[in-house]
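Chains as they are written, first to last, in this note's numbering: chain A, 110 to 249; chain B, 110 to 249; chain C, 110 to 249; chain D, 110 to 249; chain E, 110 to 249; chain F, 110 to 249; chain G, 110 to 249; chain H, 110 to 249; chain I, 110 to 249; chain J, 110 to 249.
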Ligand SMILES: Cc1cc2nc3c(=O)[nH]c(=O)nc-3n(C[C@H](O)[C@H](O)[C@H](O)COP(=O)(O)O)c2cc1C
Ligand SMILES: Cc1cc2nc3c(=O)[nH]c(=O)nc-3n(C[C@H](O)[C@H](O)[C@H](O)COP(=O)(O)O)c2cc1C
Ligand SMILES: Cc1cc2nc3c(=O)[nH]c(=O)nc-3n(C[C@H](O)[C@H](O)[C@H](O)COP(=O)(O)O)c2cc1C
Ligand SMILES: Cc1cc2nc3c(=O)[nH]c(=O)nc-3n(C[C@H](O)[C@H](O)[C@H](O)COP(=O)(O)O)c2cc1C
Ligand SMILES: Cc1cc2nc3c(=O)[nH]c(=O)nc-3n(C[C@H](O)[C@H](O)[C@H](O)COP(=O)(O)O)c2cc1C
Ligand SMILES: Cc1cc2nc3c(=O)[nH]c(=O)nc-3n(C[C@H](O)[C@H](O)[C@H](O)COP(=O)(O)O)c2cc1C
Ligand SMILES: Cc1cc2nc3c(=O)[nH]c(=O)nc-3n(C[C@H](O)[C@H](O)[C@H](O)COP(=O)(O)O)c2cc1C
Ligand SMILES: Cc1cc2nc3c(=O)[nH]c(=O)nc-3n(C[C@H](O)[C@H](O)[C@H](O)COP(=O)(O)O)c2cc1C
Ligand SMILES: Cc1cc2nc3c(=O)[nH]c(=O)nc-3n(C[C@H](O)[C@H](O)[C@H](O)COP(=O)(O)O)c2cc1C
Ligand SMILES: Cc1cc2nc3c(=O)[nH]c(=O)nc-3n(C[C@H](O)[C@H](O)[C@H](O)COP(=O)(O)O)c2cc1C
């Protein structure tokens with residue numbers, strides 16, 4: 110059974126680019142062996158992550174991530190059984206904020222600043238689809 | 110929660126181009142801070158305006174606009190919770206009447222003169238969609 | 110409220126091209142002021158006419174037309190409240206029979222001769238849509 | 110081909126109960142031979158009538174009724190090809206206003222007084238369906 | 110054109126039962142003449158009101174209500190063109206809080222205390238439908 | 110925003126009835142204050158739990174539950190934004206296994222023994238709906 | 110493959126009750142062996158018959174019936190592949206005209222006299238369904 | 110009323126090309142006057158024919174064809190009331206077997222040899238649509 | 110994953126009631142341990158069997174059954190992944206032919222004798238549903 | 110009746126390219142005469158095969174294949190009555206693993222290694238459709 114899980118969380122402290130690279134490197138080390146793929150967004154102290162893969166490994170990894178003290182207050186945004194992955198090409202793709210069309214956040218949010226805690230799962234899914242199709246994801 | 114609100118009103122007196130520019134300038138000053146976007150149509154003493162944004166700021170602004178004595182008899186045409194904005198690119202776009210195909214008004218109305226008080230919200234929405242797609246909106 | 114009305118009738122006597130031009134000229138004089146648009150087909154002693162516009166003026170004009178003794182036995186084919194006109198560009202367009210693909214009538218009718226008294230309103234609507242899209246309507 | 114036609118009109122002068130009985134008697138004399146069935150509403154100077162039957166006889170009769178000078182300004186409310194009648198049991202049923210639940214008019218109208226000139230055909234159809242199902246029709 | 114408008118607001122000060130009766134009495138005086146019907150909920154400093162009727166009178170009344178300083182921060186919850194009223198029987202019905210099943214609020218809300226500012230229009234509509242069908246509305 | 114979350118897990122050791130009562134008592138102490146409602150199933154070393162409530166408190170509580178060492182390997186079965194709760198009446202209802210029709214498990218599972226790790230979220234939801242409607246839930 | 114075939118025809122001469130009994134007796138002799146079931150209507154010189162069964166035997170029998178000189182001008186009304194019969198209980202049921210509600214014909218036809226040559230297959234199907242459900246079919 | 114009728118039959122004896130030309134010539138002589146259009150397939154002793162036109166002439170012609178002793182065992186494949194013809198351009202088009210893609214028969218049939226007696230009407234319709242769109246029909 | 114498999118076969122020789130009881134007894138011995146449930150029909154030398162359960166055990170058992178020389182020419186009628194069983198109550202229910210309404214077979218078949226080799230899977234499914242709901246299944 | 114059957118199995122021993130060619134050669138010898146078409150996948154000890162054709166020959170061939178001791182534990186993945194074949198062009202096409210995009214397996218599976226025993230029939234169907242459309246099938 111394949112699933113897709115999307116959550117948001119708040120960084121527990123200011124993250125340097127180096128800190129973020131650490132998380133991504135670690136993810137790209139672990140995920141292929143577990144058949145996990147996905148995307149990671151980080152900006153202004155907020156993470157949004159998509160995890161896809163078998164139901165058991167995604168849950169096991171999510172449990173680890175939830176306990177990671179580099180962030181707090183994770184909230185699930187969506188979780189579904191899926192029949193095919195959407196991000197099969199990324200062991201953990203990174204959203205490149207410099208490639209973002211600035212109007213895109215306003216299209217889905219109440220202000221120019223993304224606040225996943227005020228958005229429904231469906232709206233975040235629509236935003237992520239536009240990120241992928243507009244080429245804003247970096248492979249490694 | 111994002112909403113879209115469309116209303117019509119009657120100017121309480123003849124408006125000069127200058128008067129209209131004042132309203133638009135004011136709107137473009139206020140709206141970005143409140144995350145509000147939209148369109149304004151003015152012709153022959155009739156206003157039609159679309160306001161998009163967070164539910165609270167749109168309602169607060171609409172309350173101010175309703176009390177503005179430059180127009181009377183505002184009537185709501187449509188009001189909906191939306192999952193994405195349609196006019197995210199305009200802090201307050203202006204419909205340029207010189208770019209209008211004259212047959213367009215006849216397509217949706219009983220005569221060549223637009224009378225929003227006799228039209229349903231759905232027909233006005235269709236008309237506004239044609240305005241945008243035919244390039245009749247001015248940015249600033 | 111916008112409506113579209115389609116009817117058919119039989120000319121009460123043989124019509125000359127001049128007679129037909131009189132009807133069209135009269136229609137193009139009256140209809141713009143009343144916000145009425147439409148099409149007129151005449152062939153072999155049969156009229157089919159589409160009238161679009163506000164509900165009241167279309168009914169008022171139809172009452173006059175029904176009483177016109179140049180034709181008899183008018184039958185309504187369709188009548189609907191519509192949200193947009195289909196023939197907004199013609200104050201009264203004329204179907205040019207020389208531009209008709211001869212197979213078109215057979216496509217919708219039992220024989221090559223159009224007999225609206227044996228056809229449903231839906232089939233006549235489909236035929237008229239093909240007339241417009243194949244450029245068989247003359248503007249004036 | 111069966112059709113159902115609904116129209117409204119304004120009595121050209123105050124009608125006495127006797128006048129109304131004359132119209133109904135005449136209708137019940139003519140309609141059976143032509144296969145026409147339907148309902149008639151009269152109140153406060155406004156008629157609403159439903160006519161069902163073959164397409165030709167309904168149109169022929171409607172042409173006569175439109176020219177009757179006991180009323181003016183008839184407007185078609187709906188006209189459809191139908192696959193079965195709804196009022197097959199009444200050669201011309203009369204709406205008994207004393208059996209009307211007074212709230213019924215408010216349910217579909219803007220005020221307690223029925224004004225068909227401001228109502229869509231669909232709303233009038235819904236109102237007539239409630240009249241039949243609440244037993245407000247008199248047989249003869 | 111009939112519309113239904115639902116809004117919520119916060120009382121600007123503590124309201125006594127007498128204050129509430131004043132608002133209701135006033136509403137029942139005005140609304141019948143304007144063809145307005147609806148419901149009013151008041152509890153814990155929060156109003157929720159449904160207004161149904163013609164588009165023009167509902168908008169005119171809503172403009173007055175918005176400017177009433179007995180409450181602040183009105184937000185529209187839903188606004189629709191409707192083909193029939195749902196509350197035709199109440200010139201302004203009052204929700205009787207003593208007849209409320211206490212679990213009802215939890216069914217639609219995040220806690221036992223109703224907070225319309227955190228609820229979508231659709232959820233409030235569902236709640237109001239249950240209020241009516243469970244007999245929690247008082248007539249006068 | 111209301112959500113419903115369903116997960117399964119394996120007890121890390123044999124649980125006595127007393128152990129289970131401890132979990133339930135604790136749940137019924139905490140959940141009302143957080144607006145959380147739901148059901149708990151325990152049998153043969155397997156837990157299945159439904160949690161309903163506001164998105165933030167459900168996620169916060171789920172994070173605590175996942176870290177509880179009385180069980181391991183929690184897997185999310187379903188997670189959805191909902192517009193109304195299904196179990197508003199239970200701060201934490203307990204499935205009474207003695208009231209279970211023994212054929213019920215076979216209806217949805219491959220064998221008579223429930224193994225949520227081999228079942229889709231949709232099938233578990235259907236099973237839980239039958240539990241509620243067949244009266245197999247104990248209130249406290 | 111099961112099919113259902115409905116046709117109408119005109120008796121070539123006046124039929125006595127005896128003539129009709131002959132046709133029915135013959136049908137009830139032949140049809141069971143071929144797995145054919147159905148209904149026969151006769152009135153005023155018009156036959157309507159429904160034949161159900163395997164595609165080959167129904168076609169073979171229909172070919173014989175078409176060539177029977179007791180009737181002329183057979184026209185197919187409907188013909189469909191079906192997944193179950195509707196008249197499995199009648200080797201050839203007869204419509205008993207004395208049990209017919211006289212309004213039934215008017216409900217589907219333009220006049221009180223059934224004329225299948227002017228009716229669509231769908232309307233005749235609806236009429237036959239009412240015949241069966243109103244108990245107007247005789248078994249033998 | 111327009112109908113489309115498709116049937117299959119078996120040639121009662123080996124047909125020469127000349128025999129087939131006779132049938133086609135005869136068809137092209139008769140059909141235009143009756144407003145009939147269609148297609149004829151002949152191969153390996155099997156005919157499949159589509160006839161379109163008014164309900165009465167199609168039935169009259171089909172009765173003649175069924176009685177023609179050049180073929181036996183005709184079975185109806187489909188018969189429908191249609192709102193437009195599909196083969197309006199052919200008084201009787203002939204399927205040119207040399208233009209057939211040999212895989213086409215396998216796509217719809219159990220073997221490479223077309224056996225309409227084992228195929229449903231819907232599959233034959235799909236096959237004929239591919240014949241037309243792949244240009245395998247000869248005009249005369 | 111649960112599946113439902115339906116097949117038909119021909120008994121390779123005349124079966125005595127004793128032979129049939131042997132098959133059923135054997136089935137009821139094996140099936141519970143493998144979580145298999147279903148129905149068996151036997152009449153006139155034809156078997157039809159429904160098998161429900163986990164995908165692996167159903168396939169394993171079907172492989173054994175196919176090789177059983179008490180029958181030949183098994184053909185699969187339907188095979189689906191299901192979300193719930195329909196025959197959870199029968200380890201292998203037997204269709205009691207004496208409780209069968211004789212018209213039932215005619216309803217779905219071309220003749221009174223059931224020939225699954227000429228029926229689609231969907232029609233057999235409909236027949237089996239009627240068998241269950243009409244109480245024609247014996248438990249053991 | 111056409112059907113499509115998909116199954117998976119495990120090779121009972123390591124297969125050499127020669128062994129595989131034997132199976133394919135044998136298939137291409139037998140299948141055309143029986144009207145069977147399809148695809149065969151072999152990798153890492155796992156077979157997946159699609160068989161299309163008449164219901165009887167596909168079942169007869171599948172019975173033979175199931176008993177072939179070059180593989181074990183065949184499980185049906187899907188089986189359907191179809192109205193047209195998808196692989197009419199291949200008497201038995203072979204999936205060329207060297208032409209496979211390596212990400213394709215991850216898109217539908219939990220890991221990079223295809224395990225049909227853990228996948229639903231629908232997901233395997235989607236994977237095979239991508240194989241065909243990406244040109245990964247070899248003809249002979
Ligand atoms: C926002 C965020 C996202 C993370 N994503 C992943 C991930 O996709 N894969 C992963 O293995 N670790 C991820 N981690 C790191 C995990 O929290 C944890 O450190 C890691 O799974 C530890 O794995 P290990 O103990 O097995 O080495 C993430 C951490 C954070 C803060
Ligand atoms: C037709 C019309 C449209 C208006 N639109 C806007 C608007 O989009 N945004 C805005 O800030 N003010 C708009 N205004 C002006 C407001 O009515 C009001 O003057 C303004 O909100 C005052 O804001 P302030 O008191 O906060 O400066 C509009 C006025 C009119 C007459
Ligand atoms: C077939 C037919 C179509 C007509 N169409 C129109 C029309 O579209 N508009 C119009 O004004 N008159 C039309 N007429 C003419 C009217 O019947 C009538 O002569 C005219 O409305 C008279 O208008 P007046 O008395 O206001 O001048 C038509 C007449 C015929 C016979
Ligand atoms: C509101 C109204 C409704 C009428 N309905 C009918 C009717 O249903 N049938 C009818 O024959 N006449 C009806 N009439 C009367 C006709 O207008 C007209 O007088 C009648 O058809 C004359 O028929 P005759 O000239 O054939 O006698 C109605 C008249 C009015 C004012
Ligand atoms: C929550 C609330 C609801 C109200 N509802 C109504 C109402 O339904 N109808 C009404 O006439 N006035 C209502 N009012 C009172 C209006 O705000 C206002 O006082 C009234 O329309 C004044 O009308 P008048 O100036 O025409 O007398 C309401 C006031 C409040 C605070
Ligand atoms: C299967 C299971 C279900 C539980 N469900 C709940 C629950 O619904 N609510 C709750 O407060 N604690 C629940 N708990 C207990 C929590 O894991 C944890 O002990 C508790 O939330 C501690 O809360 P506290 O530290 O705030 O006292 C559950 C534990 C288990 C093992
Ligand atoms: C209106 C009509 C309906 C008939 N229906 C049937 C029928 O259902 N079955 C039948 O066997 N014959 C029916 N017949 C009789 C056939 O036309 C024909 O006489 C009969 O099939 C001769 O069969 P035989 O030559 O095999 O004896 C019908 C005849 C008519 C005129
Ligand atoms: C397979 C087949 C198809 C035929 N198609 C037609 C046709 O489309 N039109 C036609 O008039 N005759 C067609 N015929 C010939 C008729 O069976 C019959 O000979 C012809 O309608 C005689 O018409 P007539 O007696 O009016 O001259 C066809 C014959 C066969 C065997
Ligand atoms: C028509 C038919 C249906 C059968 N159904 C079952 C069945 O449902 N379960 C079963 O175990 N055996 C069934 N059998 C018997 C099997 O073919 C086979 O004899 C049995 O599975 C042998 O099992 P064993 O070798 O494991 O004892 C059936 C046999 C026939 C002929
Ligand atoms: C994975 C697999 C797929 C096969 N596919 C086919 C096939 O498509 N057609 C075929 O005739 N034999 C196929 N075979 C071979 C059959 O199992 C069997 O050997 C063959 O049908 C024997 O046929 P025969 O005894 O009629 O010669 C396949 C074998 C295997 C192991």
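Even glycine gets a Cβ: it sits at the ideal position worked out from N, Cα and C.
| query | result |
| --- | --- |
| Using a cut-off of 8 Å between C-beta atoms, extract the partners of residue 193 of chain A located in chain J. | 216, 217, 232, 235 |
| Report yes or no: is there a C-beta of chain A within less than 8 Å of the C-beta of residue 187 of chain J? | no |
| Suppose you measure from the CA of residue 237 of chain D to the CA of residue 171 of chain D; what does that come to, to the nearest Å? | 19 Å |
| Could you please tell me which residues of the segment 145 to 174 of chain E, in chain order, have their CB closer than 7 Å to any CB of chain B? | 164, 165, 168, 172 |
| When you compare the segment 150 to 161 of chain H with the segment 112 to 125 of chain H, are there three or more beta-carbon pairs, one atom per stretch, that lie closer than 8 Å? | yes |
| Just checking: is the beta-carbon of residue 183 of chain E within a distance shorter than 8 Å of some beta-carbon in chain B? | yes |
| List, in order along the chain, the chain E residues whose C-beta lies closer than 8 Å to that of residue 198 of chain F? | 212 |
| Considering only DSSP beta bridges, list what residue 156 of chain E is partnered with. | E/118, E/151 |
| Alpha helix (DSSP H) containing residue 141 of chain G: first to last residue? | 126 to 143 |
| Just how far apart, CA to CA, sit residue 202 of chain E and residue 151 of chain E? | 11 Å |
| Taking the C-alpha atoms as reference points, what is the distance between residue 191 of chain D and residue 110 of chain D? | 8 Å |
| With distance defined between alpha-carbon atoms, name the residue in H/241, H/224, H/139 nearest to residue 205 of chain H. | H/241 |
| Tell me whether the segment 183 to 200 of chain F and the segment 162 to 176 of chain A touch, counting them as touching only if at least three CB pairs, one residue from each stretch, are closer than 8 Å. | yes |
| Is residue 189 of chain E a contact residue of ligand 4, with contact defined as CB to any heavy atom under 7 Å? | no |
| Could you check whether the Cβ of residue 160 of chain B sits closer than 7 Å to any heavy atom belonging to ligand 2? | yes |
| Cβ of residue 114 of chain C less than 8 Å from any chain B Cβ? | no |
| May I ask you to list the residues that DSSP assigns as paired with residue 244 of chain C? | Answer is none; residue 244 of chain C lacks a bridge partner. |
| Any heavy atom of ligand 2 closer than 7 Å to the CB of residue 144 of chain B? | no |
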